[in-house]
Amino acid sequence: MLSFARRLLGRPLPRRESDSQRLPSLIALPILSSDALSSVAYATEAALGVLLLAGSGALGLSLPITVCIVGLIAIVVLSYRQAIEAYPEGGGSYVVARENLGAWAGLVAAAALLVDYTLTAAVSLMAAAQALSSLLPGLLAHETSLSLLLLALVGWANLRGLKEAGRLFVVPTYAFVVMVALLALFGLQNIVFAHGFRPDAPPAIAALEPLGLFLILRAFSAGCSAMTGIEAIANGVKVFREPSARRAQATLLVMGVLLALLFLAVSGLAYLYGIAPNPDRTVLAQIGLRVFGPGNPLYWFLQISTLLILGLAANTAFSGFPRLAALLAQDRYLPRQMAWLGDRLVFQNGIGLLLLVSALVIVVCRGNTNVAINLYALGVFLAFTLSQAGLVRHWWCRRGPGWRGRLAMNALGAITTGLVFAVIVLSKFDEGAWIVVLLLPLMVWGLGGIGRRYQRVYDAIELQPGEDISVRWPDRQDVLENQSIVWLASWSRPTLEALRYAAQVSDRVIGVWVCEPNDDFEALRVRWHRLVGDAPQFELRLLESPFASLIDPFAQFVAEEEARCPESQFTIVMPMAIPRRRFDHLLLNQRGLNMREALNERRSRVFTLVRYFPPA
Numbered sequence: 070m071l072s073f074a075r076r077l078l079g080r081p082l083p084r085r086e087s088d089s090q091r092l093p094s095l096i097a098l099p100i101l102s103s104d105a106l107s108s109v110a111y112a113t114e115a116a117l118g119v120l121l122l123a124g125s126g127a128l129g130l131s132l133p134i135t136v137c138i139v140g141l142i143a144i145v146v147l148s149y150r151q152a153i154e155a156y157p158e159g160g161g162s163y164v165v166a167r168e169n170l171g172a173w174a175g176l177v178a179a180a181a182l183l184v185d186y187t188l189t190a191a192v193s194l195m196a197a198a199q200a201l202s203s204l205l206p207g208l209l210a211h212e213t214s215l216s217l218l219l220l221a222l223v224g225w226a227n228l229r230g231l232k233e234a235g236r237l238f239v240v241p242t243y244a245f246v247v248m249v250a251l252l253a254l255f256g257l258q259n260i261v262f263a264h265g266f267r268p269d270a271p272p273a274i275a276a277l278e279p280l281g282l283f284l285i286l287r288a289f290s291a292g293c294s295a296m297t298g299i300e301a302i303a304n305g306v307k308v309f310r311e312p313s314a315r316r317a318q319a320t321l322l323v324m325g326v327l328l329a330l331l332f333l334a335v336s337g338l339a340y341l342y343g344i345a346p347n348p349d350r351t352v353l354a355q356i357g358l359r360v361f362g363p364g365n366p367l368y369w370f371l372q373i374s375t376l377l378i379l380g381l382a383a384n385t386a387f388s389g390f391p392r393l394a395a396l397l398a399q400d401r402y403l404p405r406q407m408a409w410l411g412d413r414l415v416f417q418n419g420i421g422l423l424l425l426v427s428a429l430v431i432v433v434c435r436g437n438t439n440v441a442i443n444l445y446a447l448g449v450f451l452a453f454t455l456s457q458a459g460l461v462r463h464w465w466c467r468r469g470p471g472w473r474g475r476l477a478m479n480a481l482g483a484i485t486t487g488l489v490f491a492v493i494v495l496s497k498f499d500e501g502a503w504i505v506v507l508l509l510p511l512m513v514w515g516l517g518g519i520g521r522r523y524q525r526v527y528d529a530i531e532l533q534p535g536e537d538i539s540v541r542w543p544d545r546q547d548v549l550e551n552q553s554i555v556w557l558a559s560w561s562r563p564t565l566e567a568l569r570y571a572a573q574v575s576d577r578v579i580g581v582w583v584c585e586p587n588d589d590f591e592a593l594r595v596r597w598h599r600l601v602g603d604a605p606q607f608e609l610r611l612l613e614s615p616f617a618s619l620i621d622p623f624a625q626f627v628a629e630e631e632a633r634c635p636e637s638q639f640t641i642v643m644p645m646a647i648p649r650r651r652f653d654h655l656l657l658n659q660r661g662l663n664m665r666e667a668l669n670e671r672r673s674r675v676f677t678l679v680r681y682f683p684p685a
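Below, the structure written as structure tokens:
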């Protein structure tokens, strides 16, 4: 089973290759912008679908709505360029809101983005399946299965690592951009020399609702799905090669320009050709037929490139969701295992969670984007608003050179995205937005609850100033012929109890700390000396892990010590804090349990859990 997983996902990558996994701008662009750029394939259609409720005569409003959305894109792109400048380490809306508006605002932004990333993956893949069924109508009945298959493929590519995913996504993304650009050029040529600028009349469709401000706002909010994914570059600054912040800013600007031009082209051609939404063929496919003709290979290339980029647009979610989950785990708002790097130097637990939740959304929606797309832009505009509001406070407090201009830009961004958020809530509330409105407070409450529980447990096990933390070697003369190896992961009461136990049952105690890249070796030695003093029976071993796993170096060390001293009995001592609530087992001791499994597989002789029970 393990060898099969190795073949499927690739060999483990050493930590020293982490920098080589960073990407140049030309490769990072398709990875982080595929969601935003792919929205060109359905954003115009989403707006037209709402306008059509007022009859075919209302479709002409799609062009001014598109222009308004393009203006909003410009504001948000410029605002996020400033977010990258202020927070070059990345983190996006969550970090900005947390640092400037407080922990609860940060959790609201995080919850909104987690929902948005999940819907991004689900909607993109369902739209990809619909693009394929537009090309091959015989697949209409299998859109759900196709969506799940595409989800599995994208998840597999991301589990193989960032660089591997980049190689897969570069060509389809650029192919889509080229094909839509060709569509615009050929369409413009046809309009100038043959068709003319007089728009065709759309198919006669009776009105179901009166044309009013509220319906126009609903169409605007639907078209704002074109803006989902803009924040991904700000969230993933560390994906870029150095200088990462400058590369991220430049890539964000390029992405914004491409998105605006392609969105304007598709909406303009749909208006001039009088195209209305059709359940059997997407708006983009209808434009392709008018511009290229049904037998033209360029039409097929357009549909295939649309299919591929919609499928791969989910990669924005697979890039952003695990990184955000890891940040939340590091801040103790999600289980700590969400921050663990896998063998391929990706946050594989976050990827796995996204796979499960996205699959559930696809199944519930039955492969139909109409349900999920109503919820699509809600979370991202809430995150936009909190991020921009946080930056307003950031510039107000810092007041560096040019701070007034920066503050004004972010204030404009906060106001406009806040208004759009309000419009989306009001216009889409009875179409499914109430689900997100209800879900977000529940998620924030859950994240906050995890944070409070972690804080309570860690406060209970933390060594306090003035507390007796010494580990004394017992006064005995007999030889026990036993050595203990103690897993060290923190300086806490469970670790203290484990060392004291090991001293009672052993002639020699080896404390093993598997170091992570940012660990301070000298500080670790000083802390160890504070615990055990100069007793010769205690020995500290600091192991460097060439790979992401902290378990394998420890298990290998145990095997080597057993082979070196075959006449000795070894006891492997694992400290554990055992809370009194069942849910806590998901939050604590997961690495310890994995360690026990690894040691059992390698047939280590004795494995002892030294349990410490903090208050409930």
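In terms of my numbering, the sequence shown is numbered consecutively and its last residue is 685. Virtual Cβ for every residue (Gly too), placed ideally from N, Cα, C. Keep in mind it's a predicted model, so treat the numbers as computed, not measured.
Collapsed DSSP secondary structure at residue 199 in the structure displayed: helix
Distance, Cα to Cα, residue 351 vs residue 107? 14 Å
Assigned exposure category for residue 151 - 16 Cβ within 10 Å defines buried: buried
Would you identify the three-state DSSP class for residue 351, choosing helix, strand or coil? Coil at residue 351, not helix or strand.
State the DSSP-derived secondary structure class of residue 539, mapped to helix, strand or coil. coil
What are the boundary residues of the beta strand (DSSP E) that residue 407 is part of? Run containing residue 407: none; DSSP gives neither H nor E here.
For residue 645: DSSP bridge partner residues: 680
C-alpha distance - residue 676 paired with residue 583, whole-angstrom precision: Pairing residue 676 with residue 583, the inter-Cα distance amounts to about 18 Å.
So who's on the other strand from residue 639, going by DSSP bridges? 552
Using C-beta distances below 6 Å, list every residue in its chain close to residue 242, excluding the 5 sequence neighbours before and after it, in chain order. So the qualifying residues of the chain are 99, 103, 378.
Segments of 3+ residues assigned as beta strand (DSSP E) that fall wholly inside the region 574-604: 577-584
State the CB to CB distance for the pair residue 213 and residue 432, rounded to an integer number of angstroms; the pair is presumed to be in contact (CB under 8 Å). 7 Å
Beta-carbon gap between residue 126 and residue 280 smaller than 9 Å: Between residue 126 and residue 280, the gap from beta carbon to beta carbon is short of 9 Å.
Residue 472 to residue 355 span [Cα, whole Å]: Per the coordinates, the alpha-carbon of residue 472 lies some 48 Å from the alpha-carbon of residue 355.
Where do the N-terminal and C-terminal ends of the alpha helix (DSSP H) with residue 215 fall, by residue? It spans 212-228 - the alpha helix (DSSP H) in which residue 215 sits, taken as one unbroken run.
Residue 485 versus residue 105 - alpha carbon distance: 19 Å
Taking 9 Å as the cut-off, decide whether the C-beta atoms of residue 184 and residue 565 are in contact. no
How long is the line joining the alpha carbons of residue 611 and residue 555, rounded to whole angstroms? Those two C-alpha atoms are separated by around 12 Å.
Of the choices 208, 228, 341, whose alpha-carbon is the least far from that of residue 263? 341
Can you list, in chain order, the residues of its chain with a C-beta nearer than 7 Å to that of residue 176? Leave out the 5 residues immediately preceding and following it. For residue 176, where only same-chain residues beyond five positions count, the Cβ hits under 7 Å are 402, 513, 516, 517.
Selected residue, minimal CA-CA separation from residue 537, among 602, 573, 267, 616: 602
Which residue wins for smallest C-alpha separation from residue 135, given the options 182, 500, 339, 421? 339
By how many angstroms is the C-alpha of residue 215 removed from the C-alpha of residue 202? 10 Å
Taking 8 Å as the threshold, find out whether the region 164-181 comes into contact with the region 356-368 through three or more Cβ pairs. Counting C-beta pairs closer than 8 Å gives fewer than three between the region 164-181 and the region 356-368, which falls short of the contact rule.
If we count Cβ pairs, one from each stretch, closer than 8 Å, do we get three or more for the region 365-375 versus the region 152-165? no
So, for residue 682: in the same chain, excluding its five sequence neighbours on each side, which residues have a beta-carbon less than 6 Å away from its beta-carbon? Only 647 meet the Cβ criterion.
Would you decide whether residue 169 is buried or exposed? Buried here means 16 or more other CB atoms lie within 10 Å of its CB. Residue burial annotation: residue 169 is buried, with at least 16 other C-beta atoms found within 10 angstroms of its C-beta.
Which complete alpha helix (DSSP H) runs does the region 112-146 hold, if anything under 4 residues is left out? 112-120
Taking the alpha carbon of residue 187 as the reference point, which residue from 650, 387, 586 has its own alpha carbon closest? Residue 387 holds the alpha-carbon nearest to the alpha-carbon of residue 187 among 650, 387, 586.
Taking buried to mean at least 16 other C-beta atoms within 10 Å of its own C-beta, is residue 634 buried or exposed? exposed
Between residue 490 and residue 454, how many whole angstroms is the CB-CB distance? I'm expecting something under 8 Å. Correct: roughly 6 Å between the Cβ atoms.
Rounded to a whole number of angstroms, what is the C-alpha to C-alpha distance between residue 575 and residue 551? 5 Å
In angstroms with no decimal places, state the Cα-to-Cα distance between residue 110 and residue 155. 33 Å
Along the chain, where does the alpha helix (DSSP H) that runs through residue 631 open and close? 620-633
Tell me where the alpha helix (DSSP H) around residue 429 begins and ends. 417-434
Do residue 293 and residue 144 have their CB atoms nearer than 9 Å? Not closer than 9 Å, so no.
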